[in-house]
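Chemist: One structure follows; several queries about it will come next.
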Amino acid sequence: MGLPAVSSAVGNAPQTIIRMISLDRIDPLGGSVALKRGYVVIFAQFGLIVLLVYGLTAEYRSNAYQQDWISSNVPWLQYLLNGYLAAMLLGVFLGGGVLLATDYLRNRNRKGSLRTVG
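Residue 522 in the working numbering is what sits at position 91 of the sequence shown, and the numbering runs on without skipping anything.
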């Protein structure tokens, strides 16, 4: 009773993946419903990270004791907490929101449209 060989596991992987994909869960637009929900969850998690980085940056800029501790113990962290990282992450978050909204609005009307089979 040993473990299966790696080559057999790699050889069976495509068949396993194909069996795991159920055709009734596939959205006609080309992506599964779970995949689209995953995008929203990832976007929300990234928004929470941006919020936490922004809060840490605001606290760093207003707390002299924290500035002194970071400058003496972790000086490279000053470059990440100076405000530019939070602004850049906020820009990426807003840009991602625009892309998600655009994708939703573009694909919203396609669900009810008729398709030609050919």
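The beta carbon of each residue, even a glycine, is placed where N, CA and C say it ideally should be.
In angstroms, rounded to a whole number, what distance separates the CA positions of S453 and D534?
Modeler: On the sequence shown, position 22 is the one that residue 453 refers to. On the sequence shown, position 103 is the one that residue 534 refers to. Unreliable positioning characterises S453 in this predicted model, as indicated by a pLDDT of 47, which lies under 50. A coordinate reading is not provided.
Chemist: L512 and Y491: beta carbons closer than 8 angstroms?
Modeler: The residue you call residue 512 lines up with position 81 of the sequence shown. The residue you call residue 491 lines up with position 60 of the sequence shown. Cβ distance < 8 angstroms, so L512 and Y491 count as in contact.
Chemist: R504 lies in the alpha helix (DSSP H); which residues open and close that run?
Modeler: Along the sequence shown, read from residue 1 onward, the residue named residue 504 stands at position 73. Residue 504 is actually Asn in this sequence, not Arg. That run of the alpha helix (DSSP H) goes A495 to N504.
Chemist: The alpha helix (DSSP H) that contains L512, what's its start and end?
Modeler: In the sequence shown, the residue the question calls residue 512 occupies position 81. No alpha helix (DSSP H) holds L512; DSSP gives it neither H nor E.
Chemist: With a threshold of 16 other CB atoms inside 10 Å of the CB of L466, please say whether the residue is buried or exposed.
Modeler: By 1-based counting over the sequence shown, the position of residue 466 is 35. Exposed, since its Cβ has fewer than 16 Cβ neighbours within 10 Å.
Chemist: Using the C-alpha atoms, what's the distance from L482 back to V523?
Modeler: Position 92 of the sequence shown, counted from the first residue, corresponds to residue 523. Position 51 of the sequence shown, counted from the first residue, corresponds to residue 482. Cα to Cα, V523 sits roughly 13 angstroms from L482.
Chemist: With a threshold of 16 other CB atoms inside 10 Å of the CB of A532, please say whether the residue is buried or exposed.
Modeler: The residue you call residue 532 lines up with position 101 of the sequence shown. A532 should be labelled exposed.
Chemist: Please report the straight-line C-alpha distance between L479 and Y510, rounded to a whole angstrom.
Modeler: For the purposes of this step, residue 479 is taken as residue 48 along the sequence shown, with counting starting at 1. For the purposes of this step, residue 510 is taken as residue 79 along the sequence shown, with counting starting at 1. In a straight line, the C-alpha of L479 is about 21 angstroms away from that of Y510.
Chemist: Skipping 5 residues on each side, what residues in its chain have a beta carbon closer than 8 angstroms to that of R537?
Modeler: Here residue 537 refers to the residue found at position 106 of the sequence shown. Excluding residues within five positions, none has a Cβ falling inside 8 angstroms.
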